[in-house]
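**Student:** Going left to right, the sequence shown walks through residues 1 to 172 as the UniProt record's numbering numbers them. Sharing a structure below in structure tokens format, with a few things to ask.
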Amino acid sequence: MNNDILLKLYKRQARIIFAYLIKCGCKTNDAEDIVQDSFVKAIEFMDGVDDDKICSWLFVVAMNNYKNRLKRKKIVTEVSIYDDKLYETMVGSMNVQEEVLQEEKKRCIDCCLGKLKEEYKMLLIFKYDLELSYKEISKLIGFSEEVVKTYLYRARNKFKEIWREEYNGKNR
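If you want it as structure tokens, here you go:
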């Protein structure tokens with residue numbers, strides 16, 4: 001694989017992998033290391049991977065690296081989608097009560113995401129937090145767009161079910 005293709009792959013995939021790791025609770029330094037290690041493995045082993053499967057292969061390598069680090073450090077992860085925005089929001093806000101309610105709602109969403117199967121949580125984060133298209137998600141995880149749509153449909157329904165069980169129609 002030539003350097004131009006590798007550079008394009010890095011520019012396109014590194015941001016997505018890094019953002020997903022951060023959303024999963026990975027520390028910034030660890031996420032940077034995981035992305036770097038994943039691309040080192042990509043350089044070493046990419047010749048054995050089909051060109052149309054490189055993106056999904058790279059993502060799997062990164063996720064396996066992340067899971068191995070968690071096992072070594074015996075860390076329990078917590079999905080945290082919005083914490084970095086809390087301070088900025090609170091400081092710049094004129095309506096603090098409304099902002100506090102928004103943050104509480106986000107925590108409730110995080111709680112429900114934490115109760116989903118890993119693949120459902122991953123798909124919802126890709127689609128609604130990272131705002132990836134079905135096509136981008138399908139390339140990343142190696143499934144067809146139709147399968148991604150089906151899984152996202154199931155993930156949304158399961159999320160709604162958990163939300164209803166947890167908050168029983170409470171307006172949060």
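Quick reminder that beta carbons are idealized off the backbone N, C-alpha and C, glycines included.
So LEU116 and LYS73 are supposed to be a Cβ contact under 8 Å. How far apart are they, rounded?
**Tutor:** That pair is no contact at about 23 Å.
**Student:** Please report how far the alpha carbon of GLN13 lies from the alpha carbon of CYS55, in whole angstroms.
**Tutor:** Whole-angstrom Cα-Cα distance: 7 Å.
**Student:** Mind reading off the beta-carbon distance from ASN3 to ILE34? Whole number of angstroms is fine, and I expect it under 8 Å.
**Tutor:** Not a contact, Cβ separation roughly 22 Å.
**Student:** For THR77 and GLU165, what's the separation of their Cα atoms in angstroms?
**Tutor:** Reliability of the predicted coordinates at THR77 is poor, the pLDDT of 49 falling under 50, and the value obtained from them is presented with this limitation in mind. Distance between the alpha carbons of THR77 and GLU165: 23 Å.
**Student:** Would you mind reading off the limits of the alpha helix (DSSP H) that contains LYS115?
**Tutor:** Looking at the DSSP string, LYS115 is not in any alpha helix (DSSP H), and its letter there is neither H nor E.
**Student:** At a cut of 8 Å, does the segment 36 to 44 reach the segment 141 to 158 through at least three beta carbon pairs?
**Tutor:** Counting Cβ pairs under 8 Å, fewer than three are found: no touch.
**Student:** Just mark ILE5 as buried or exposed, buried being the case when its beta carbon has 16 or more other beta carbons within 10 Å.
**Tutor:** Classification of ILE5: exposed, given that the 10 Å Cβ count is below 16.
**Student:** For LYS139 and LYS53, what's the separation of their Cα atoms in angstroms?
**Tutor:** Distance between the alpha carbons of LYS139 and LYS53: 8 Å.
**Student:** Go through its chain and collect everything with a Cβ distance to LYS11's Cβ below 6 Å, but skip five positions before and after it.
**Tutor:** Answer for LYS11: no residue qualifies.
**Student:** Assuming LEU124 and ALA155 form a contact by the criterion Cβ under 8 Å, report the distance between their Cβ atoms to the nearest whole angstrom.
**Tutor:** Between ALA155 and LEU124 the Cβ distance is about 5 Å, and since that is below 8 Å, they are a contact.
**Student:** In its own chain, which residues sit with a C-beta less than 7 Å from the C-beta of GLU44, not counting the 5 before and 5 after it?
**Tutor:** Correct list: empty, nothing qualifies.
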